[in-house]
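These protein sequence lines are chains R and C, in that order.
Under this note's numbering, think of the first position of the first sequence as 1, with each following residue one higher.
Under this note's numbering, think of the first position of the second sequence as 1001, with each following residue one higher.
Don't be surprised by glycine CBs; every beta carbon is placed ideally from N, CA and C.
Protein chains: 2
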Amino acid sequence: MPVTCEHCNLGRICIPKGLTREEIESLGTLVRRNNTLPKGAALYHAGSPFRGVIAIRSGSSKLVALDKNGNEYVVDFVLPGELLGFDGFSTERYRCTAIALENVNYCELPTQQLEVLARDTPSLAQVLLQRSGYQFDASVEKMVLSRKSADERVASFIIHISERLRLRGYASTEFRLSMSREEIGNYLGITHETVSRLLHQFQAQGLINVKSKQLTLLDRAGLYRYCSEE
Amino acid sequence: MPVTCEHCNLGRICIPKGLTREEIESLGTLVRRNNTLPKGAALYHAGSPFRGVIAIRSGSSKLVALDKNGNEYVVDFVLPGELLGFDGFSTERYRCTAIALENVNYCELPTQQLEVLARDTPSLAQVLLQRSGYQFDASVEKMVLSRKSADERVASFIIHISERLRLRGYASTEFRLSMSREEIGNYLGITHETVSRLLHQFQAQGLINVKSKQLTLLDRAGLYRYCSEE
DNA sequence: CGGCTTGTTGAACCCACTCAAAGGTTGTGG
DNA sequence: CCACAACCTTTGAGTGGGTTCAACAAGCCG
């Protein structure tokens, strides 16, 4: 069976959601499917021209922004089945750099096609606007999180990753953190030492099990209690 | 002269930017113009159904999110000429509550019209996607800011407000901070005491002049030097 | 004018950072 | 397949920026 949008196992969560069968078929003819990149490679670079929206089929990625002093800021992680590229819509150039955290397989919906398609398929515009809105919602959550203490941040991070994996049909109580402690800390606005300390504190409390990058959720409710107690 | 989109002094920065004359005219027939709300009133409430996109014509507003404990988080300030409502696109319900910081006059582009219009006017979808993308860019900037020290945050805040006012044709070196110290601190992720201390430190250094809510920028370059020194 | 919200200033404290050093893991080349 | 190097992770001890708590001053509105 060919790898088409119609038969893709990401169908329910990727762009096609909300489109008719016909629309998905015409979408399928425009998408550049089955691209691969090795760990550490960039899906796109900050400042380069907007190419389109990308869907991660397998592997994962981080979205990093650089400030004028060259400091890296991890803005987001992208898990399998999730979209990226929304940081290129406003200025036609990407605001961030997207780096593969492990080997990735992805699909690309090029801009030119996107404009044509949005004209012929009004619901695609709706879907894209909706997805773009998700980004805003996510940024609100992150803002709220950035006012919390370090343990709340780490607890929320684990729960959040777990939820996102579950939503996409992956194991949600036992998974691999493909990013380093440094990257987690950068993302959460704390140091990697603090991340390490808290992961081991949670383990000592029997909430999780960590062995290097492998994580097992033992007591979701217990961990959840950390996510915004008074 | 009637208050139409075509003749609005916000034309260059509001939604119409990028649309043709004909498109602006048809937009004008759908927009609900010249609404007013008193200080403290809500333009919309978190959880209520998405009504559409709103453009502030005069006055200003804050966008606040509530967490499950009822804590308020100031997510953004909206100045005259700026748009709000993007927090409603993804779930069809607003994620945040928008409160007027002073009496506001605003225009509203209702959803139903928006869908009709997006079908007939592909470039409107483009414009909305672009505006939605701006929101993402802004959230990246905020994330970067949230890793900085308190003085960098306050300095950046002043510069940022000033820039936005300048962009829209208002005085950029002498203006009123329509929000309280508490709200600034909440927005920046620091306490109101720290905001107060830093404003007065900047004044002591001759960078600004503050008298209650009135602010004068004396040394933009000097202030800018705070915005991300090593 | 009086009461109330908002803003300012001081002093003590605490959480997360910094610095440092030891232990693990991963990948590469001999 | 082992050895080495580079990187990542863990753990400890001391420090500091911003918070907290508290008291007072200044606007603001009835």
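- For R:P122, the secondary structure class from DSSP, reduced to helix, strand or coil, is helix.
- Closer than 9 Å to the CB of R:P49 there is not a single CB belonging to chain C.
- Judged by their CB atoms, C:A1055 and C:L1083 are nearer to each other than the 9 Å cut-off.
- Counting along the chain, the unbroken beta strand (DSSP E) around R:T36 starts and ends at 32–37.
- Under the DSSP assignment, C:F1202 falls in the alpha helix (DSSP H) whose first and last residues are 1192–1204.
- For C:C1227, the three-state secondary structure derived from DSSP is helix.
- If you ignore the 5 residues before and after C:G1028, its C-beta comes within less than 8 Å of the C-beta of T1004, C1005, E1006, all in its own chain and listed in chain order.
- From the listed residues C:L1199, C:Y1226, C:S1132, the smallest Cα separation to C:T1216 is found for C:L1199.
- The three-state reading of DSSP puts R:S139 in helix, counting H, G and I together.
- Nearest to R:S132 by C-alpha distance, out of R:S90, R:A65, R:G222, is R:S90.
- One finds D1137, V1140 in chain C with Cβ atoms closer than 7 Å to the Cβ of R:R95, taken in chain order.
- Contact check for C:L1167 against C:F1175 fails: the beta carbons are separated by 9 Å or more.
- Using a Cβ distance threshold of 9 Å, R:F86 and C:D1087 do not count as a contacting pair.
- Taking a cut-off of 8 Å for Cβ pairs, the stretch 1139–1157 of chain C and the stretch 61–74 of chain R touch, as three or more such pairs fall below it.
- Using a Cβ-Cβ cut-off of 9 Å, C:S1228 counts as an interface residue toward chain R, since at least one Cβ of chain R sits closer than that to its own.
- The Cβ atoms of C:G1059 and C:S1178 sit closer than 9 Å to each other.
- Taking the CA atoms as reference points, C:L1223 sits about 12 Å from C:A1204.
- For C:K1068, the neighbours in chain R by C-beta distance under 8 Å run, in chain order, S228.
- Listed along chain R are F89, S90, T91, E92, each with a C-beta nearer than 9 Å to that of C:Q1130.
- The secondary-structure analysis by DSSP pairs R:Q214 across a beta bridge with R:R176, R:K211.
- Under the DSSP definition of a beta bridge, R:P110 partners with R:G52.
- Look at C:L1101 here: in three-state DSSP terms it is coil, with no helix or strand label.
- By the criterion of at least three beta-carbon pairs nearer than 8 Å, the stretch 1067–1076 of chain C is not in contact with the stretch 1107–1122 of chain C.
- CA-to-CA, the gap between C:V1140 and C:R1032 works out to about 32 Å.
- According to the DSSP assignment, R:F77 belongs to the beta strand (DSSP E) that extends over 72–78.
- Each of R:S162, R:P122, R:T191, R:A46 was checked against the Cα of R:R95, and the nearest Cα belongs to R:A46.
- Check the Cα spacing between C:I1208 and each of C:L1124, C:G1169, C:I1158: the tightest is with C:I1158.
- Taking 7 Å as the Cβ-Cβ cut-off, the stretch 140–154 of chain R approaches chain C at V140, K142, M143, V144, S146, R147, given in chain order.
- Judged by DSSP in its simplified three-state form, C:L1063 adopts strand.
- Shown here, R:S146 sits in coil according to DSSP, grouped into three states, outside any helix or strand.
- Per DSSP, the beta-bridge partners of C:Y1044 are C:A1098.
- Within chain C, the residues P1122 have their CB atoms less than 7 Å from the CB of R:R119, given in chain order.
- For R:R93, the beta-bridge partners assigned by DSSP are R:P49.
- Any Cβ of chain R closer than 9 Å to the Cβ of C:G1222 would place that residue at the interface, and such an atom is absent.
- Annotation: the continuous alpha helix (DSSP H) that includes R:E183 extends over 181–188.
- Here C:S1156 is buried: its Cβ has 16 or more other Cβ atoms, across all protein chains shown, within 10 Å.
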